[in-house]
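Novice: To start, I am sharing the structure in question, which I have written as structure tokens.
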Amino acid sequence: MHFEQTNVTNDVTMSTIDTVVVSDIHLGSHVSRSRVLLEFLQQTSYRRLILNGDVFDDLNFHRLKKDDWRFLSYIRKQSNPRSDREVIWVVGNHDGGVAEVLSHLLGVDVHEEYAWTHGDRRFLAIHGHQFDKWINDHAVITAVASWLYLLIQKLDPHHRASRWVKRTSKKWLRLANKVADDAIRYGRKHYEAHVVICGHTHQPTTVEKDGSTYVNSGCWTDIPSSYVVITDDGDVRLCEY
46 MHFEQTNVTN DVTMSTIDTV VVSDIHLGSH VSRSRVLLEF LQQTSYRRLI
96 LNGDVFDDLN FHRLKKDDWR FLSYIRKQSN PRSDREVIWV VGNHDGGVAE
146 VLSHLLGVDV HEEYAWTHGD RRFLAIHGHQ FDKWINDHAV ITAVASWLYL
196 LIQKLDPHHR ASRWVKRTSK KWLRLANKVA DDAIRYGRKH YEAHVVICGH
246 THQPTTVEKD GSTYVNSGCW TDIPSSYVVI TDDGDVRLCE Y
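So the sequence shown is numbered by my numbering: it starts at 46 and just counts up by one.
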């Protein structure tokens, strides 16, 4: 299996993409790059789109901008039964209470986790918050920390500060490692998955362990943003846009 972090405009031939996986769009936040994501998807040829959690930032729809609504309109069109594309929504920790309602409005299938086979490999998409014990045990502190992190991103339009926080925070790195280990273990036990794809940590990563592979698709609140593609040949690529 081949793994490569690259820029899709240089190294990924658009006609070769079977599946695109994006996560952590955080619609409604000041730093969501929904317009850029829509631009990318509109110029990309793919068969399946997986929204791997945290599509929304919170339940307050009044915070959604015009670009956010345009993105949601695009998703509705792509999920139309007459479309030749499949759209899958995997629920994240920020999507609670939103996913089921909007799934009916947008016509998108909603899953806690989504497994599929491509070629001779088994894939699993799961957001990853399930493996983050901290957010489950410290909901209030987590909410405050998330607000502070988004504030840093808002005040720093080039996102240098927020990216530095992620690179240097030992807690963040420990979380990323724990999610990777637990995701591989979970995928192997429950699905015999060769590849497990998560979001949640906002940290684009690939990890090979014990014959299995973990890929984190990063987020669409950083510049550049990152995502995962699976090609017709079964190659898995971690890309930036």
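For each residue, glycine too, the CB sits at the ideal point set by N, CA and C.
Within the chosen definition, does the segment 246-255 reach the segment 219-226 through at least 3 CB pairs nearer than 8 Å?
Specialist: Counting Cβ pairs under 8 Å, three or more are found: they touch.
Novice: Skipping 5 residues on each side, what residues in its chain have a beta carbon closer than 6 Å to that of threonine 61?
Specialist: Counting only Cβ-Cβ distances below 6 Å, and skipping sequence neighbours, we find Thr276, Asp277.
Novice: Could you have a look at serine 257 and say whether DSSP puts it in helix, strand or coil?
Specialist: Correct three-state label for serine 257: strand.
Novice: Below 7 Å CB to CB, which residues in the same chain sit around arginine 167 once its five sequence neighbours on both sides are set aside?
Specialist: Here the set comprises Ala160, Tyr236, Glu237, Ala238, His239.
Novice: State the start and end residues of the unbroken alpha helix (DSSP H) segment that holds tyrosine 119.
Specialist: From DSSP, the alpha helix (DSSP H) with tyrosine 119 extends over 111-123.
Novice: So within the segment 70-96, which uninterrupted alpha helix (DSSP H) runs reach at least 4 residues, ignoring any that extend past its ends?
Specialist: DSSP runs (the alpha helix (DSSP H)) wholly in the segment 70-96: 79-87.
Novice: Taking DSSP's pairing of strands, which residues face alanine 160 in a bridge?
Specialist: Its beta-bridge partners are Leu169.
Novice: Taking serine 172 and valine 135 to be in contact with their CB atoms under 8 Å, please state how far apart those CB atoms are, rounded to whole angstroms.
Specialist: The sequence as given places histidine at residue 172; serine does not occur at that position. Right, the Cβ-Cβ distance comes to about 6 Å (below 8 Å), so this counts as a contact.
Novice: Look at the Cβ atom of phenylalanine 101, then the Cβ atom of glycine 73, and state whether they are nearer than 8 Å.
Specialist: Going by C-beta atoms, phenylalanine 101 is nearer than 8 Å to glycine 73.
Novice: I believe asparagine 125 touches serine 262 by the beta-carbon criterion, under 8 Å. Please report the beta-carbon distance rounded to the nearest angstrom.
Specialist: With a Cβ gap of about 25 Å, asparagine 125 and serine 262 do not count as contacting.
Novice: Under 8 Å, do glycine 244 and aspartate 99 count as touching if we go by C-beta distance?
Specialist: Against a cut-off of 8 Å, the Cβ pair of aspartate 99 and glycine 244 comes out as a contact.
Novice: Hey, how far is the Cα of arginine 80 from the Cα of asparagine 138?
Specialist: For arginine 80 and asparagine 138, the distance between alpha carbons rounds to 23 Å.
Novice: Rounded to the nearest angstrom, how far is the Cβ of aspartate 113 from that of serine 77, given a contact under 8 Å?
Specialist: About 7 Å separates the two Cβ atoms, so the contact holds.
Novice: Residues in the same chain with beta-carbon distance under 7 Å from glutamine 175, minus the five sequence neighbours each way, listed in chain order, please.
Specialist: Cβ within range, chain order: n/a, list empty.
Novice: May I ask you to report which of helix, strand or coil DSSP gives isoleucine 104?
Specialist: In the sequence as presented, isoleucine is not what sits at residue 104; that position holds leucine. Residue state, collapsed to three classes: coil.
Novice: Grab the span of the beta strand (DSSP E) containing glutamate 237 for me, first residue to last.
Specialist: First-last for glutamate 237: undefined, no H or E at that position.
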